[in-house]
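Q:
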Amino acid sequence: MKRLTLLLAATLCLLLIASTGPAVSAKETWTSVRSKNFLLVGNASEKEIRQVAVRLEQFREVASRLFVKANFNSPVPTTVVVFKNDSSYRPFKPNANTAGYFQAGPDVNYITLKTEVNDDQNPFGVIFHEYTHLLINNTNGNVPTWFNEGLAEYYSTFSITDDRKVVLGKPIANHVYLLRENKMLPLRTLFKVDQESAYYNERDKQSIFYAESWALMHYLIGNNKGERLEQLGKFIQLLDNNMAMEPAFQQAFQTSFENMEKALREYIKRDSYPITSGHFETKLALDTEMQAAPISEAEAQAYLGDLLLHSHRAEAEGYLQKALALDPDLAMANAAMGMLLVRQGKIVEARQSLERAVAANSKNYLIHYYYAFALSREGMNENKLVMGYSPETAAKILEEVKKAIDLRPDFPESYNLLAFVNLVTGTQLDESITLLKRVLATSPGRNDLLFTLAQIYIRKEDIKTARQILERLSQNNSDQHLRQQSQGILKQLAEREEQIARFEAMRKSSENANDSDASRYVVGASGTEANGPPPDPASYLRDALRVPGEGEKRIQGSLVRIDCDAKGITFVVKVDDRLVKLHTEKFQNVKMTAFSVDAGMEVTCGPRKIESSVIICYLPLTDPKAKFEGTIRSVEFVPKDFKLKA
2 MKRLTLLLAA TLCLLLIAST GPAVSAKETW TSVRSKNFLL VGNASEKEIR
52 QVAVRLEQFR EVASRLFVKA NFNSPVPTTV VVFKNDSSYR PFKPNANTAG
102 YFQAGPDVNY ITLKTEVNDD QNPFGVIFHE YTHLLINNTN GNVPTWFNEG
152 LAEYYSTFSI TDDRKVVLGK PIANHVYLLR ENKMLPLRTL FKVDQESAYY
202 NERDKQSIFY AESWALMHYL IGNNKGERLE QLGKFIQLLD NNMAMEPAFQ
252 QAFQTSFENM EKALREYIKR DSYPITSGHF ETKLALDTEM QAAPISEAEA
302 QAYLGDLLLH SHRAEAEGYL QKALALDPDL AMANAAMGML LVRQGKIVEA
352 RQSLERAVAA NSKNYLIHYY YAFALSREGM NENKLVMGYS PETAAKILEE
402 VKKAIDLRPD FPESYNLLAF VNLVTGTQLD ESITLLKRVL ATSPGRNDLL
452 FTLAQIYIRK EDIKTARQIL ERLSQNNSDQ HLRQQSQGIL KQLAEREEQI
502 ARFEAMRKSS ENANDSDASR YVVGASGTEA NGPPPDPASY LRDALRVPGE
552 GEKRIQGSLV RIDCDAKGIT FVVKVDDRLV KLHTEKFQNV KMTAFSVDAG
602 MEVTCGPRKI ESSVIICYLP LTDPKAKFEG TIRSVEFVPK DFKLKA
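The sequence shown runs 2 to 647 under this note's numbering.
#1: In angstroms, rounded to a whole number, what distance separates the CA positions of D480 and V359?
#2: With a CB to CB cut of under 8 Å and the five nearest residues on each side skipped, what residues in its chain are close to E379?
#3: Using only the alpha-carbon positions, how far apart do A294 and P413 sit?
#4: In its own chain, which residues sit with a C-beta less than 6 Å from the C-beta of E290, not counting the 5 before and 5 after it?
#5: State buried or exposed for K492, treating a residue as buried only when at least 16 other CB atoms are found within 10 Å of its CB.
#6: Can you tell me the Cβ-Cβ gap for L191 and S214, rounded? I've got them flagged as a contact below 8 Å.
#7: Provide the residue span of the beta strand (DSSP E) that contains L305, from first to last.
#8: DSSP three-state call for D205: helix, strand or coil?
#9: Using DSSP with H/G/I as helix, E/B as strand and the rest coil, what is P145?
#10: Report the partner residues of L169 according to the DSSP bridge assignment.
#11: Alpha carbon to alpha carbon, how far is A545 from K575?
#12: Can you round the beta-carbon distance between R473 and N96 to whole angstroms, since I take them to be within the 8 Å contact cut?
#13: Where does E213 sit, in a helix, a strand or coil, going by DSSP?
#14: Look up G631 in the DSSP assignment and say whether it is helix, strand or coil.
#15: Between the alpha carbons of A337 and Y156, how many angstroms are there, rounded?
#16: Using the three-state DSSP reduction, which class does T435 fall into: helix, strand or coil?
#17: Can you give, in chain order, each stretch of the alpha helix (DSSP H) that sits fully within the region 459-507 and has at least 4 residues?
#18: If you count every other CB in all the chains shown that lies within 10 Å of the CB of K646, and 16 or more means buried, which is it?
#19: Quick one: what does DSSP say L40 is sitting in, helix, strand or coil?
#20: Can you name the start and end residues of the alpha helix (DSSP H) that M593 belongs to?
#21: At which residue ranges does the region 361-415 contain complete alpha helix (DSSP H) runs of 4 or more residues, listed in the order of the chain?
#22: Any idea if E231 is buried or exposed, counting beta-carbon neighbours within 10 angstroms, 16 or more meaning buried?
#23: CA-CA distance, E262 and L217?
#24: Just to confirm the assignment, what range does the alpha helix (DSSP H) spanning E612 have?
#25: Could you work out which residue in K115, N423, K171 is closest to A100 when comparing CA atoms only?
#26: Alpha carbons only, please: which of K587, P275, Y268 is nearest the one belonging to V168?
#27: Does the structure place the region 136-149 close enough to the region 168-177 that three or more beta carbon pairs sit under 8 Å?
#28: Could you give the distance in angstroms between the alpha-carbon of A212 and the alpha-carbon of D205?
#29: Taking only three categories from DSSP, how would you classify I269?
#30: Could you tell me which residues DSSP puts in a beta bridge with T283?
#31: Considering only residues of the same chain and omitting the five flanking positions on each side of R439, which have a CB-CB separation below 7 Å?
#32: Might you give, ordered along the chain, the residues of its own chain that have their beta carbon closer than 7 Å to the beta carbon of T529, omitting 5 neighbours on each side?
#33: Taking 8 Å as the threshold (C-beta atoms), are V639 and I616 in contact?
#34: Could you say which of A361, T594, L408 lies nearest to A334 if we only look at CA atoms?
#35: Count the other CB atoms within 10 Å of the CB of Q456; is the residue buried (16 or more) or exposed (fewer)?
#36: Just mark N98 as buried or exposed, buried being the case when its beta carbon has 16 or more other beta carbons within 10 Å.
Right, dumping it as structure tokens:
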């Protein structure tokens with residue numbers, strides 16, 4: 002057992018370091034089984050569902066005993082949907098050849114599988130594969146796709162007999178045959194695969210990707226009694242420290258992609274895949290802790306609808322509607338329907354559904370979180386940007402979020418939403434930073450929380466810290482969307498800094514020129530200008546300002562605040578003793594340029610902490626009854642002592 006313990010402990014250390022189908026028939030019996038760590042529901046028999054639960058709990062127990070440094074107490078619940086056969090599973094598959102899958106979610110994780118055995122698919126292999134993904138997800142959010150899938154495939158061969166004898170690393174026949182009969186992918190290609198790639202999604206390509214990922218992981222773990230395990234851990238650590246893939250690989254393994262590829266080919270040609278085995282002194286008896294109960298058809302339809310909702314499938318609505326037709330007051334169905342309506346942009350209807358859910362089950366933390374989430378989307382525009390909240394809405398969101406926190410203090414999404422609302426309103430920013438850091442300490446794989454944290458640092462104008470976080474996220478290997486968002490903000494920060502640097506260079510150049518001109522300026526005895534007018538230190542800036550377009554007016558004033566709501570954005574500018582209100586539908590319609598550091602690094606909704614001197618170009622409105630004086634076209638931030646000449 003010592004060898005097995007060392008092997009598994011070392012492997013987990015890597016993570017620490019580093020068309021619509023028919024609805025389910027009403028005649029089917031659905032059962033729920035609640036084990037210590039999982040909720041299982043399904044139309045399989047109770048015995049089969051219990052068997053799945055036992056296998057999951059055994060796998061988790063073995064892992065928790067061997068991976069002593071890991072945090073297995075995930076604050077996000079996991080629901081396992083167990084289908085009795087392929088025909089009942091088919092409407093919920095992402096593709097036809099799926100035997101099971103793991104659907105991660107910030108609020109609920111789903112594992113799905115069928116108990117019917119056909120072809121060469123082992124349903125328990127699917128369970129262990131998918132649970133390994135969950136383990137990786139909880140531990141590290143920045144592993145490459147090949148690592149994630151390769152390790153999951155390696156652990157999918159986990160077996161336990163007599164509740165004590167454990168075996169890992171058995172050869173997977175399909176992978177061995179495929180690698181024997183087909184050309185390998187170059188490692189450079191393998192390492193570039195992500196969840197958007199054809200090799201991950203297309204059936205004729207994904208097989209070789211999975212096979213080679215498994216073989217590479219098997220080689221790194223099993224070759225020469227695990228001599229490369231330490232190097233593998235260092236590789237993941239370097240990636241987690243924001244090093245690019247190739248230099249991290251070369252530094253950790255002390256070899257090139259090409260040399261590693263050659264070693265892998267030789268390993269595959271040997272056609273010998275060593276296994277690791279061991280046993281525990283006492284049996285892992287876990288079935289006694291389980292509770293089983295029948296569930297209604299309405300509840301079954303609600304679970305299926307929620308599964309499809311988390312899989313971003315349009316068919317979710319039909320299942321949720323059927324659940325509500327059977328039981329209009331079912332809390333889970335109303336909550337899921339509310340979130341579906343939020344996704345559809347129907348916020349008023351979403352609030353009604355979620356209010357019914359709260360009334361039906363006020364002790365469910367997820368329902369309060371969902372309600373707060375729906376309220377937080379009321380200020381969202383067509384570009385999915387939240388422009389601001391009324392004081393009443395912000396207060397109600399915080400009230401519901403705090404109820405969710407009181408009911409489940411370790412649920413990360415409540416703190417993420419709380420921090421987001423504070424980010425939008427510009428309040429309690431230091432408290433938000435403290436809360437997010439605390440959550441990230443127990444959920445290090447939550448890169449979305451890191452992204453929120455970076456935005457809060459930008460709001461506080463701590464650009465150095467924000468950039469460090471964004472640069473790490475911009476190299477993220479597991480979330481393409483988050484990677485692109487981070488890269489986009491880094492680009493905006495660079496452009497703003499470039500604007501300010503260009504302004505400073507222009508100012509210094511002008512000052513030097515004016516000093517030279519001033520030496521030639523002489524005032525005559527009578528007080529007249531002998532050599533022309535005195536130099537104008539702001540002339541360079543006037544030349545750089547945007548020229549008003551046809552029909553536009555230009556004014557100078559102080560930007561007091563920016564009001565945001567679902568109808569658009571209003572810039573409030575103080576000109577002399579009056580306030581001028583200028584409107585636009587979205588920030589993207591306004592050209593903004595900074596000629597002064599007073600602009601800060603971010604222009605957001607709400608009052609300006611320090612009123613900025615601005616030059617505004619706008620198109621006047623002719624309707625005297627209009628709420629605004631015009632449509633704003635551009636905002637240019639200028640030094641406070643700058644004066645715009647007529």
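We put the CB at the ideal spot given by N, CA and C, even for glycine. A quick note: this is a predicted structure, and the numbers were derived from the prediction, not measured.
A: Let's see:
#1: 33 Å
#2: By the criterion of a C-beta distance shorter than 8 Å, E379 is surrounded in its chain by I348, Y390, T394, A567, once the five residues flanking it on both sides are discounted.
#3: 29 Å
#4: K37
#5: Exposed is the call here.
#6: 7 Å
#7: Taken as a continuous stretch (DSSP letters only), L305 belongs to no beta strand (DSSP E), being part of the alpha helix (DSSP H) at 298-311.
#8: helix
#9: coil
#10: T277
#11: Roughly 23 Å between the two C-alpha positions.
#12: Actually they are not in contact, since the Cβ atoms of R473 and N96 sit about 33 Å apart, beyond 8 Å.
#13: helix
#14: strand
#15: 33 Å
#16: helix
#17: 464-474
#18: K646 should be labelled exposed.
#19: strand
#20: Taken as a continuous stretch (DSSP letters only), M593 belongs to no alpha helix (DSSP H), being part of the beta strand (DSSP E) at 592-595.
#21: With a minimum length of 4 residues, the continuous alpha helix (DSSP H) runs that stay inside the region 361-415 are 366-377, 392-408.
#22: By the C-beta density criterion, E231 is exposed, having fewer than 16 other C-beta atoms within 10 angstroms.
#23: 9 Å
#24: Taken as a continuous stretch (DSSP letters only), E612 belongs to no alpha helix (DSSP H), being part of the beta strand (DSSP E) at 607-621.
#25: Looking from the CA of A100, the closest CA among K115, N423, K171 belongs to K115.
#26: Taking only the C-alpha atoms, the option nearest V168 is P275.
#27: no
#28: Rounded to whole angstroms, A212 to D205 spans 12 Å at the Cα level.
#29: helix
#30: T283 is not bridged to any residue.
#31: none
#32: Confidence at T529 is low in this model, with a pLDDT of 44, below 50, so its placement is unreliable and the value that follows should be read with caution. The beta carbon of T529 is closer than 7 Å to none in its chain, skipping five residues each way along the sequence.
#33: yes
#34: A361
#35: buried
#36: Exposed is the call here.
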